[in-house]
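Peer 1: Before anything else, here's the structure in question.
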C-alpha cells in the first residue's frame, strides 16, 4: 500500500510538474515549489564534426522537494530526426509536456541515482557518438535530460545539439554584426556637480551593470559596434572630481570617485580600436519629440553627442547611426533624423518595426532601404531570437544559451533557397543588464563557428539578399509608450525659455541649458515619469532664475515714474546680472492711448556684466495724473524676454481749463508790464521837458 501511494504521488507530480526545459527562466521557481531539478553542466564538444567524435554530457540532479527522494533514473533522450526550421526549434523549447520529449533512450544514455536527502545533489555523465545518436548529416537535433521516478518523468531539461560534419556544398558563411549598448538614464538636472541620486557609484563597481559592461568591452572582438550615451560619460566625468547627492535633508558631499575615473579609462582603452557610435545626448525620445513639435532637440542632441563622446573617449565618434528607443521609429521621426545637421543615414530597428512584406518562412537579410524626406536611409533589423539570447530572463545557464545560439545560427545557414550569404544583427535591449560570462561566451562562440563571419555594423548594406519590407510599422501601443504630451509641453516651454538666456547675450552662443533640457527629454522617463517630472521642475526653476537676472529696475505699483510736463521722457533702466554682456530692446506700450502716448523705441541697449543700461522713452500726456504702460524686454530678433512689467507714469503738466487760466493770467500780467513801461517812458519825457525849460529861462 505504501509503494502504491508513493507511485500515485509521483504520477501526480509528473502531471503537474512544469517541465521547464523549454522555459528555463521558470526553472528555479518551479524547482523550489516541487520535485527535483536536473541541470546540464557541459556538452563537449558543443559542435561535433565527425562520426568518431565522443560527445560527453555532464550535469547534476538536485533534490529541492524539502524531503528525501526515492531512487531515480537520469536519462539522455534523443532522436535521429533533425529539426526542420527555426519555428520548430521555438516550438520544441516552448513545449512544457513530457509527451513530446525525444523518444529514444538507450543503455548508454540512462543512469541510476540513489535516494537523495533534501538539498542533496548527485552528478551524472553520458558519453555517445553521433552514430549512436542516429546523426548522419548537418543539422540541429533536439535532446533532453529527464529525471524519472518509477519510470515516470518528474523533471526535464531541453536543449539542442548541432552536428556539423564536412558537407558539400558547405553552408554559406553568413555575416554577423553585434551591437552592444552602453546607455543609462540621466543622473543630474543641470550641468553642475549636483546629482539627483548616487546610483552610478553602485553601477560602476562590483557586479554593477556598468562594471559588467566594462568587463565585456575588455574581451569583446574588435568587430563589435558600441552605442555609447554621452550624458553617461559626462556624469561619470563629473563624479571623478567630486560631487554632491540630493538627500531628504538637503545634500551630501561625495569625494572624488576614483572608480568613475577608472571606468572611463577602461572604456577608453577597450574601445580604442572598435567601432563606436554616440546615441543623441541623453538618449531623447525621438518619436515623442517629433510628434509634439520639438523638432530642434534631436538635432542639438546629435551635435552634442559627437562633441562630448569624442572629447571623453579621446577619439572620433560617429553619430550617423540612430538606435531609437525600443528600436522603433515612424516616418515623422525618420524624417526628423534625416534632416539633422549631422545627418543620420542608418537606423537600427526592432524586427516588429520593419517586418517583411509578404511574410517569409526564412530568416531575411538584416539590411534594407527606407525613403526619408532627405533621401534613402539604410535600415538594419536586429534578429529578435539571437538578440534575446544575449540577455536571457531568469536562470538560463550559459551552456543552454550557447547551445541555442549555435543551433539558431546553424539553422539559418541551412535554410533552403539560400544562395548567397546573408547578414544578421544582434542587438540586446538598450538598457540591458548583461551577464559578462554569457555575453563573452556567445561572442567567442560566434567567432569560431564555420557558418558565421563576425563583421562590423557599418559593413552591412542592402543587397541582393534583401527582402521587401512593409515599411515602418508604428502602432497605437508604440505611441502610448512615448513621453506624454502633457509632460513634453512643459519640456518645450522650458526649452524655449532656456534659449532666451543665450539669445539675449551679445555673442548669442548656445544656451548653457541645452544639456539640461535634453536630459528632460530622455527616453528613460518613459518608464519613470515621476523622476522626469522632478528633473523638469528643477531645470525650469533654474531657467526662471537665470531669466530674472536681467530685469527692469525700480518696477512696482508703489514706485511710479514721473513725466514732467505734458511732453517729456521717462527713463527705464535694466540691470544685467546674467554673467555675460547682453543686447536687447525695450518695448513700451501705453495701456490707455487717450491719456498717454508712447513713442516706439528702436534703440538697441547693450549692457555689460553687472551693469545697468537706461533708455529715455519719449511720452506725451493729455491729462495730468497717473497712467500705466507695459514694458517688455525683447531679444534682438524680437522674442519676448521674461514676463512683461507694468509701470505707473505720473504726469505733472497742465491741460484743459488750467491752460486757459494760465494763459489769461499771462495776458493780464503782460498788459500790466506794458502799461508800466509806457507810463515810465512818459514820465521820463515830461521830466526832460521841464528841465529844458528851466535851462532856457536861466
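In mature numbering (1 follows the signal peptide of the UniProt record, and there is no 0), the protein residues as written are -27 to -1, 1 to 671. C-beta: ideal position from N, C-alpha, C; glycine also. None of these values were measured; they are calculated from a predicted model.
#1: Give me the Cα-Cα distance between residue 209 and residue 281, rounded to the nearest whole angstrom.
#2: Check whether the stretch 141 to 151 and the stretch 389 to 407 are in contact - that is, three or more C-beta pairs closer than 8 Å.
#3: Within 10 angstroms of its Cβ, does residue 81 collect 16 or more other Cβ (buried), or is it exposed?
#4: Please say whether residue 322 and residue 259 have beta carbons closer to each other than 9 Å?
#5: Given residue 425, which residues of its chain have a CB within under 7 Å of its CB, disregarding the five upstream and five downstream residues?
#6: For residue 439 versus residue 261, is the C-beta spacing smaller than 9 Å?
#7: How long is the line joining the alpha carbons of residue 537 and residue 621, rounded to whole angstroms?
#8: In whole angstroms, give me the CA-to-CA distance for residue 614 and residue 559.
#9: Decide if residue 513 is buried, meaning its Cβ has at least 16 other Cβ atoms within 10 Å, or exposed.
#10: Does DSSP classify residue 380 as helix, strand or coil?
#11: Are the CB atoms of residue 441 and residue 188 within a distance shorter than 9 Å?
#12: Would you mind giving the Cβ-Cβ distance between residue 618 and residue 525, rounded to the nearest angstrom? I have them listed as a contact below 8 Å.
#13: Looking at C-alpha atoms only, which residue of 292, 120, 115 is the closest neighbour of residue 56?
#14: From residue 545 to residue 473, what distance separates their C-alpha atoms?
#15: Residue range of the alpha helix (DSSP H) that residue 468 falls in?
#16: For residue 295, count neighbouring Cβ atoms within 10 angstroms of its own Cβ and tell me buried if that reaches 16, exposed if not.
#17: Tell me which same chain residues have a C-beta within less than 7 Å of the C-beta of residue 345, skipping the five on either side of it?
#18: Can you tell me whether residue 130 is buried or exposed, with buried defined as 16 or more other CB within 10 angstroms of its CB?
#19: Residue 22 by DSSP, collapsed to three states: which one?
#20: What whole-angstrom Cβ distance do residue 672 and residue 36 have, given they're in contact under 8 Å?
#21: Among all the DSSP beta bridges, which residues are the ones paired with residue 198?
#22: So residue 327 packs on residue 445, CB below 8 Å; how close in whole Å?
#23: Helix, strand or coil for residue 165 per DSSP?
#24: By Cβ distance, which residues of its chain are closer than 8 Å to residue 87, with the 5 residues on each side in sequence left out?
#25: Buried or exposed for residue 406, please, with buried defined as at least 16 other CB atoms from any protein chain shown within 10 angstroms of its CB.
#26: With a threshold of 16 other CB atoms inside 10 Å of the CB of residue 176, please say whether the residue is buried or exposed.
#27: Between the C-alpha atoms of residue 631 and residue 465, what's the straight-line distance to the nearest angstrom?
#28: Where DSSP assigns a beta bridge to residue 607, which residues make up the other side?
#29: The alpha helix (DSSP H) that contains residue 189, what's its start and end?
#30: Who are the near neighbours of residue 329 in its chain, counting only those whose CB is closer than 6 Å to its CB and skipping five residues on each side?
#31: Buried or exposed, going by whether 16 or more other CB atoms sit within 10 Å of the CB of residue 585?
#32: Indicate the three-state DSSP secondary structure (helix, strand or coil) for residue 552 in the structure shown.
#33: Take residue 354 as the anchor and find which of 192, 297, 61 has the nearest alpha-carbon.
#34: Can you say whether residue 448 is buried or exposed, counting buried as having 16 or more other CB atoms within 10 angstroms of its CB?
#35: Here's the rule I'm using: 16 or more other beta-carbon atoms within 10 Å means buried, otherwise exposed. How should residue 562 be labelled?
#36: Under 9 Å, do residue 605 and residue 543 count as touching if we go by C-beta distance?
Peer 2: On the basis of the coordinates in this document:
#1: 12 Å
#2: Three or more Cβ pairs closer than 8 Å define a contact, and the stretch 141 to 151 meets that threshold against the stretch 389 to 407.
#3: Residue environment for residue 81: exposed (fewer than 16 other C-beta atoms within 10 angstroms of its C-beta).
#4: no
#5: 146, 147, 149, 382, 419
#6: No, the pair does not count as a contact, with Cβ atoms beyond the cut-off.
#7: 14 Å
#8: One C-alpha to the other measures close to 10 Å.
#9: buried
#10: helix
#11: no
#12: 5 Å
#13: 115
#14: Across the structure, residue 545 and residue 473 are spaced so that their CA atoms are roughly 21 Å apart.
#15: 458 to 476
#16: Per the 10 Å Cβ criterion, buried.
#17: 307, 308, 311
#18: With 16 or more Cβ atoms within 10 Å of its Cβ, residue 130 is classed as buried.
#19: coil
#20: Any answer about residue 672 is impossible in this case: the structure gives the chain only from -27 up to 671.
#21: 152
#22: Confirmed, Cβ separation roughly 6 Å.
#23: coil
#24: Apart from sequence neighbours up to five positions away, the residues of its chain that approach residue 87 with a beta-carbon distance below 8 Å are 44, 95, ordered along the chain.
#25: exposed
#26: Residue 176 comes out buried.
#27: Residue confidence for residue 631 is low, a pLDDT of 46 falling below 50, so the modelled location carries little weight; the figure read from the coordinates is stated next. Going by the C-alpha atoms only, they are around 55 Å apart.
#28: 558, 613
#29: 182 to 192
#30: 337, 440, 442.
#31: Per the 10 Å Cβ criterion, exposed.
#32: coil
#33: Nearest Cα to residue 354 within the set 192, 297, 61: 297.
#34: Residue 448 should be labelled exposed.
#35: exposed
#36: no
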